[in-house]
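A short worksheet on the structure shown next.
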Amino acid sequence: MSQPGDILRAVVGPLGYPITRDTLPSPDTVRWNARRKAELLLAIRADLISLREAVSLYRLSAEEIAGWLILFERHGLDGLKTTRAQTYRQGRERPALPPNQGRAQPVEISAQ
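Heads up: the sequence shown begins at 4 in the numbering used here, then just goes up one per residue.
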């Protein structure tokens, strides 16, 4: 928590408001909506909080945060919305399988 007279570092958040260490999501945050994810990512980028601190403070994995970052860089705030996660995470379409290739086929194994 900042003290009177402290110089605060801030970054512009996803909604245009300044983000400081004091305005970051609460450490007991359970529901990570798109705005909170973006605020944390922007704070990490601006060195308001380190990735190591964020992992420890919010009990998130570095991989989860990295995944958010990729989605945020590619698709912006919409990429962080859980309702759109499947659309944005697929990224590219899977090639179509030839007929009968998607099913498990019996295989003969020789006993030696």
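From the three backbone atoms N, C-alpha and C, an ideal C-beta is built for every residue, glycine too.
Given residue i as reference, the closest of the options once Cα atoms are compared
{"i": "Ile68", "options": "Trp35, Leu51, Val14 and Val15", "result": "Trp35"}
{"i": "Asp81", "options": "Thr23, Pro30 and Ala41", "result": "Ala41"}
{"i": "Ala46", "options": "Arg62, Arg12, Thr85 and Leu83", "result": "Arg12"}
{"i": "Val33", "options": "Ser53, Thr86, Leu54 and Leu63", "result": "Leu63"}
Assigned secondary structure, residue i (DSSP; H/G/I helix, E/B strand, else coil)
{"i": "Asp31", "result": "coil"}
{"i": "Ile22", "result": "strand"}
Test item: CB-CB of residue i and residue j under 7 Å
{"i": "Leu74", "j": "Leu44", "result": "no"}
{"i": "Pro17", "j": "Arg38", "result": "yes"}
{"i": "Val14", "j": "Ala57", "result": "no"}
{"i": "Pro30", "j": "Leu51", "result": "no"}
Residue i - containing alpha helix (DSSP H), residue span
{"i": "Gly70", "result": "Ala65 to His78"}
{"i": "Ala13", "result": "Where Ala13 is concerned, there is no enclosing alpha helix (DSSP H), given that its DSSP letter is neither H nor E."}
{"i": "Ser53", "result": "Element bounds for Ser53: n/a, residue is neither H nor E."}
{"i": "Lys40", "result": "Ala37 to Arg48"}
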